[in-house]
Amino acid sequence: MGEENAEAAEPRTLRGARATAARRRAREDEIIRATRTLFDTVGLRDAQIEDIAQAVGINRAIIYRHFSGKEELFAVTLIGYLDELAEVMRAADDENATPTERLENVAEAFLDRGHEYPAFVDCALDLLSKSAEELFESVSEGAMIRLGRGMLGPLGALAHVLEAGNKSGDFHVEDPFMLANMLYTQSLGALQFARNQLLVSEGAPGVPAVRRVPWEAVKRHTIRAAHAMAVAD
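Under my numbering, the first residue of the sequence shown carries the number 39, and numbering increases by one thereafter.
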């Protein structure tokens, strides 16, 4: 009789554990969605934990039960941007086009998406500003793995095109993923430069002058640079 009760209790325990895990995931998703909405509304710099907690309708302490800190929450929020970016880049890629056209299309999709969502640029650059040691101290291993998978989306879309160019002889890239990482970082810098709208030049010998930089020009130069690196790597 005791054994029968134990067998009956075990499924209830498992069901309870699964229900608890599901509620935890649902709460985490809710917090991440609120963070993303705040990023897109007020930007990364003005996003505060208190505002996120208020949007979800919870105490800020509950957020720290799900995430190790602000850095981890912001890192996992970046994953959503990366997943959407990868989808847009893959949609822009036409495998029947030439490698040069494919690279231009994928790079343009990346740049246009970043231009449309400046909070993504801020979030990605904030992450890149930290050393590996700092990241592993502030972001849990599980979150880092999820973030790495998220980054593989856009990086893989770029690397896939570079590998195809290598096979056709159009590109000469020794390490497609290394160049993909470099193009990812450089494109973020170009997006930040375009958003700042400040181009410093020389108005007269030794005299700095500042003028606005057109977005289309930044995009054109960034795509040309990507192609030049792929051809001459």
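Every residue gets a Cβ at the ideal spot worked out from N, C-alpha and C, and that includes glycine.
First and last residue of the uninterrupted beta strand (DSSP E) at P192: If you number the sequence shown from 1, residue 192 lands on position 154. Looking at the DSSP string, P192 is not in any beta strand (DSSP E); the run it does join, the alpha helix (DSSP H), is 179 to 206.
Helix, strand or coil for A135, going by three-state DSSP, please let me know. As a position in the sequence shown, residue 135 is number 97, starting the count at 1. Three-state result, A135: coil.
Give the secondary structure of A129 by DSSP, where H, G and I count as helix, E and B as strand, and everything else as coil. One-based indexing of the sequence shown puts residue 129 at position 91. Three-state DSSP puts A129 in a helix.
Unbroken alpha helix (DSSP H) run spanning G244, endpoints: The count along the sequence shown starts at 1 and reaches residue 244 at position 206. Element bounds for G244: n/a, residue is neither H nor E.
Proximity winner among P49, P137, I101, D84, relative to I70 (alpha-carbon distances): In the sequence shown, counting from the first residue as 1, residue 70 sits at position 32. Selected option, being the one with the closest Cα: I101.
Delimiting residues of the alpha helix (DSSP H) encompassing A103: Locating residue 103 in the sequence shown gives position 65, where the first residue counts as 1. Checking the displayed sequence, the identity of residue 103 turns out to be Arg instead of Ala. First-last of the alpha helix (DSSP H) with R103: 98 to 104.
Locate the alpha helix (DSSP H) running through G95, then write down its first and last residues. Position 57 of the sequence shown, counted from the first residue, corresponds to residue 95. Premise fails: G95 is in no alpha helix (DSSP H) and is neither H nor E.
Measuring only from the beta carbon, is E154 closer than 7 Å to any heavy atom that is part of the ligand FAD? The model on display carries no ligand, and the ligand FAD is accordingly not part of it.
Kindly indicate the opening and closing residues of the alpha helix (DSSP H) around F231. Walking along the sequence shown from the start, residue 231 turns up at place 193. Run containing F231: 214 to 234, per the alpha helix (DSSP H) assignment.
So, for F209: in the same chain, excluding its five sequence neighbours on each side, which residues have a beta-carbon less than 7 Å away from its beta-carbon? Counted from its first residue, the sequence shown places residue 209 at position 171. Leaving aside the five residues that flank F209 on each side, the residues in its chain whose CB is nearer than 7 Å to its CB run, in chain order, P137, L200, G203, A268, V269.
Is the beta carbon of E110 closer than 8 Å to that of V177? Reading the sequence shown from its first residue, position 139 is the one you call residue 177. Reading the sequence shown from its first residue, position 72 is the one you call residue 110. Against a cut-off of 8 Å, the Cβ pair of E110 and V177 comes out as a contact.
Under a three-way DSSP split, which group does S167 fall into? Sequence index remark: in the sequence shown, residue 167 carries index 129 (1-based). Reduced to three states, the DSSP call for S167 is coil.
V251 and A232: beta carbons closer than 8 Å? Translated into the one-based positions of the sequence shown, residue 251 becomes position 213. Translated into the one-based positions of the sequence shown, residue 232 becomes position 194. Yes; because the gap between Cβ atoms is below 8 Å, this pair is in contact.
Buried versus exposed, by CB contacts within 10 Å (16 or more), K205: Mapped onto the sequence shown, residue 205 falls at position 167. Answer is exposed; the Cβ neighbour count stays below 16.
Less than 7 Å between C-beta atoms, sequence neighbours within five positions excluded: which residues of the same chain meet that for A162? As a position in the sequence shown, residue 162 is number 124, starting the count at 1. Cβ within range, chain order: L116, L226.
Pick out whichever of A93, V256, I261 has its Cα sitting closest to the Cα of L237. As a working note, residue 237 is residue 199 in the sequence shown. Checking every option, the nearest Cα to that of L237 belongs to V256.
To the nearest angstrom, how far is the alpha carbon of E45 from that of G194? Here residue 45 corresponds to residue number 7 of the sequence shown, with the count starting at 1. Here residue 194 corresponds to residue number 156 of the sequence shown, with the count starting at 1. The predicted model places E45 with a pLDDT of 49, which falls under 50 and marks its position as unreliable; any figure quoted below should be read in that light. So the two alpha carbons sit approximately 48 Å from each other.
Which word fits M189, buried or exposed, when buried means at least 16 other C-beta atoms lie within 10 angstroms of its C-beta? Here residue 189 refers to the residue found at position 151 of the sequence shown. Answer is buried; the Cβ neighbour count reaches 16.
Distance CB(G276)-CB(L229) smaller than 8 Å: Limits of the chain in this structure are 39 at one end and 271 at the other, which puts residue 276 out of reach.
DSSP-derived helix/strand/coil call for L116: Position 78 of the sequence shown, counted from the first residue, corresponds to residue 116. DSSP places L116 in helix when its eight states are reduced to three.
Helix, strand or coil for L82? Go by DSSP, reduced to three states. Indexing the sequence shown from 1 puts residue 82 at position 44. L82: coil per DSSP, three-state reduction.
Buried versus exposed, by CB contacts within 10 Å (16 or more), V114: For the purposes of this step, residue 114 is identified with residue 76 of the sequence shown, where counting begins at 1. Its Cβ being crowded by 16 or more others within 10 Å, V114 is buried.
Please confirm if the stretch 73 to 84 is in contact with the stretch 156 to 172, defined as three or more CB-CB distances below 8 Å between the two stretches. yes
Can you tell me which of the three DSSP states V211 falls into? Here residue 211 refers to the residue found at position 173 of the sequence shown. Collapsing the DSSP output to three states places V211 in coil.
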